[in-house]
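Peer 1: Numbering (the numbering used here), first residue to last: 6 to 283.
We treat Cβ as the ideally placed atom computed from N, Cα and C, and that holds for glycine.
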Amino acid sequence: MKELLFGTAGTPLSAKKRGSVEGIQRIRELGLGCMELEFVRGVRMKEGMAEKVRATAEEENVALSVHAPYYINLNSAEEEKIDASIERIYQSARIGALCGASSIVFHPAYYHKQDSEEVFERVSALLGRLASRLEDEGIDAVLRPETTGKPTQLGDLEETLMMASAIEGVMPCIDFSHLHARSSGEYNTIEEFRGVLGKVEEYLGHEGLEDMHCHVSGIEYGDKGEKNHLVLRESDYNYVDLMAAFREFGVKGLVICESPNLEEDALLLQDTFRNTEM
Ligand SMILES: [Zn+2]
């Protein structure tokens, strides 16, 4: 990535129609740069539509990514559920690639009160196998396990970065609001943001900072982590300093806004980033 692009999780609310094609066109009208295709309730997009999405994104110069279904748990006690989870990520990657979206974001697993290192090893092995299968089939996809919002879910910062550094074809999705919610309020000062970006650099090198995929929104949380997303200005989230840290570290890639007002906060983040002086 040459720059840092801002966009929405799914079609902007102000698009004329709910479709992905209309969403991409609206992203361009708004002056944003990217959009995440939300396959969160299942991969329902057909190949013909994926081709249209790709053509529109190329024409409008909008970068795309994919959020895979929520129903994914690579640490399920039931073998069929693990297979189904792998299949959901695989289908997200396959259709995503047809759309021209290479980053495939997903929430990897629950710990189910098991030893976190064992869960980590189990999930890493599955992702390694899936990444090689995608590579063998010529599907251009980067698997991006997300930093998750609850302490019961695999995916703290360290685990996410370890997976990315250890497995070829895996990179992180850093959901900054999840980090904040998961820790019930940490990860919200300029020093903490520098700490996160420093860790990304430590694990993935400067290339890691130049190939970032981030989620940012306001968020409500309690001692069990994430509750729901909020509009940035109605939350305690310190997005101003996050944008300053992004600039300081030369972060490039995609920032996807998941606030309830989608494009309004995506524009707020973009404006804040652009107006931040070093
Ligand atoms: Zn997510």
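Which stretch, first to last residue, makes up the alpha helix (DSSP H) that contains L131?
Peer 2: Here residue 131 refers to the residue found at position 126 when the sequence shown is read from its first residue. That run of the alpha helix (DSSP H) goes S121 to D141.
Peer 1: Measure the alpha-carbon distance for R31 versus A89 and round it to whole angstroms.
Peer 2: Walking along the sequence shown from the start, residue 31 turns up at place 26. Walking along the sequence shown from the start, residue 89 turns up at place 84. Those two C-alpha atoms are separated by around 34 Å.
Peer 1: What are the boundary residues of the alpha helix (DSSP H) that S107 is part of?
Peer 2: The residue given as residue 107 occupies position 102 in the sequence shown. No alpha helix (DSSP H) holds S107; DSSP gives it neither H nor E.
Peer 1: Quick check: what's the CA-CA separation for A98 versus Y242?
Peer 2: Numbered from its first residue, the sequence shown carries residue 98 at position 93. Numbered from its first residue, the sequence shown carries residue 242 at position 237. A98 and Y242: Cα-Cα distance of roughly 31 Å.
Peer 1: Can you have a look at H211 and say buried or exposed, based on whether 16 or more other CB atoms are within 10 angstroms of its CB?
Peer 2: Within the sequence shown, numbered from 1, the residue matching residue 211 stands at position 206. Looking at its Cβ environment, which holds fewer than 16 other Cβ atoms inside 10 Å, H211 is exposed.
Peer 1: Within 8 Å: the Cβ of V110 and any heavy atom of ligand 1?
Peer 2: Counting from 1 along the sequence shown, the entry for residue 110 is found at position 105. Correct: V110 has its Cβ closer than 8 Å to ligand 1.
Peer 1: In angstroms, rounded to a whole number, what distance separates the CA positions of V58 and E52?
Peer 2: Your numbering for residue 58 matches position 53 in the sequence shown. Your numbering for residue 52 matches position 47 in the sequence shown. Each residue's Cα considered, the two are about 10 Å apart.
Peer 1: For ligand 1, I want to know if H220 counts as a neighbour, meaning its beta carbon is within less than 8 Å of at least one of the ligand's heavy atoms.
Peer 2: To locate residue 220, count along the sequence shown from 1; it is residue 215. Because some heavy atom of ligand 1 lies under 8 Å away, the Cβ of H220 counts as near it: yes.
Peer 1: Kindly indicate which residue of G28, L237 and H220 has the alpha-carbon position closest to the one of P150.
Peer 2: For the purposes of this step, residue 150 is identified with residue 145 of the sequence shown, where counting begins at 1. Of the listed residues, the one whose Cα sits closest to P150 is H220.
Peer 1: Would you identify the three-state DSSP class for N280, choosing helix, strand or coil?
Peer 2: What you label residue 280 is simply residue 275 of the sequence shown in a count that begins at 1. Three-state result, N280: helix.
Peer 1: Tell me whether C178 counts as near ligand 1, meaning its Cβ is closer than 8 Å to at least one heavy atom of that ligand.
Peer 2: If you number the sequence shown from 1, residue 178 lands on position 173. Yes, ligand 1 has a heavy atom inside 8 Å of this Cβ.
Peer 1: Are the Cβ atoms of L42 and I94 separated by less than 9 Å?
Peer 2: Residue mapping note: residue 42 aligns to position 37 of the sequence shown, counting from 1. Residue mapping note: residue 94 aligns to position 89 of the sequence shown, counting from 1. Contact flag unset, no.
Peer 1: Give the straight-line distance between the Cα atoms of V110 and Y75, rounded to the nearest whole angstrom.
Peer 2: The sequence position of residue 110 within the sequence shown is 105, counting from 1. The sequence position of residue 75 within the sequence shown is 70, counting from 1. The alpha-carbon atoms of V110 and Y75 are separated by roughly 10 Å.
Peer 1: Can you tell me the Cα-Cα spacing of E231 and G190, whole angstroms?
Peer 2: Position 226 of the sequence shown, counting from 1, holds the residue named residue 231. Position 185 of the sequence shown, counting from 1, holds the residue named residue 190. Roughly 10 Å between the two C-alpha positions.
Peer 1: Within 8 Å: the Cβ of E151 and any heavy atom of ligand 1?
Peer 2: In the sequence shown, the residue the question calls residue 151 occupies position 146. Yes, since a heavy atom of ligand 1 falls inside the 8 Å radius drawn around the Cβ of E151.
Peer 1: Just list the residues that DSSP pairs D180 with in beta bridges.
Peer 2: Residue mapping note: residue 180 aligns to position 175 of the sequence shown, counting from 1. DSSP output for D180 lists H220 as bridge partner(s).
Peer 1: Straight-line CA distance for G36 to V245?
Peer 2: Your numbering for residue 36 matches position 31 in the sequence shown. Your numbering for residue 245 matches position 240 in the sequence shown. Going by the C-alpha atoms only, they are around 20 Å apart.
Peer 1: Report the option in T194, E207 and L148 whose CA atom is closest to the CA atom of Q96.
Peer 2: Here residue 96 refers to the residue found at position 91 when the sequence shown is read from its first residue. Nearest C-alpha to Q96: L148.
Peer 1: If R187 sits next to P156, beta carbons under 8 Å apart, how far is it from one beta carbon to the other, in whole angstroms?
Peer 2: Within the sequence shown, the letter at position 182 stands for residue 187. Within the sequence shown, the letter at position 151 stands for residue 156. R187 to P156, Cβ: 6 Å. Contact.
Peer 1: With DSSP collapsed to three states, give me the class of V205.
Peer 2: For the purposes of this step, residue 205 is identified with residue 200 of the sequence shown, where counting begins at 1. Note: V205 maps to helix in three-state DSSP.
Peer 1: Could you please give the first and the last residue of the uninterrupted beta strand (DSSP E) stretch that includes R46?
Peer 2: The residue you call residue 46 lines up with position 41 of the sequence shown. Element bounds for R46: n/a, residue is neither H nor E.
Peer 1: At a cut-off of 8 Å, would you count H72 as near ligand 1, judging by its Cβ distance to the nearest heavy atom?
Peer 2: In the sequence shown, residue 72 corresponds to position 67, counting from 1. Checking every heavy atom of ligand 1 against the Cβ of H72, one is found closer than 8 Å.
Peer 1: Checking the sheet assignment: what are the DSSP bridge partners for T13?
Peer 2: In the sequence shown, counting from the first residue as 1, residue 13 sits at position 8. Partner(s): M40 and C262.
Peer 1: Does the distance from the C-beta atom of M217 to that of G258 stay below 9 Å?
Peer 2: Position 212 of the sequence shown, counted from the start, is the residue given in the question as residue 217. Position 253 of the sequence shown, counted from the start, is the residue given in the question as residue 258. Taking 9 Å as the Cβ cut-off, M217 and G258 qualify as a contacting pair.
Peer 1: S25 and M286 - do their beta-carbons sit closer together than 9 Å?
Peer 2: What the structure shows of the chain is the stretch from 6 to 283, and residue 286 is not part of that stretch, so it cannot be assessed.
Peer 1: Which residue wins for smallest C-alpha separation from D180, given the options Y115, K86 and V260?
Peer 2: Walking along the sequence shown from the start, residue 180 turns up at place 175. Looking at the Cα atoms, V260 is the closest of the given residues.
Peer 1: What's the gap between the Cα of E34 and the Cα of F278?
Peer 2: Mapped onto the sequence shown, residue 34 falls at position 29. Mapped onto the sequence shown, residue 278 falls at position 273. Taking the straight line from one Cα to the other gives about 19 Å.
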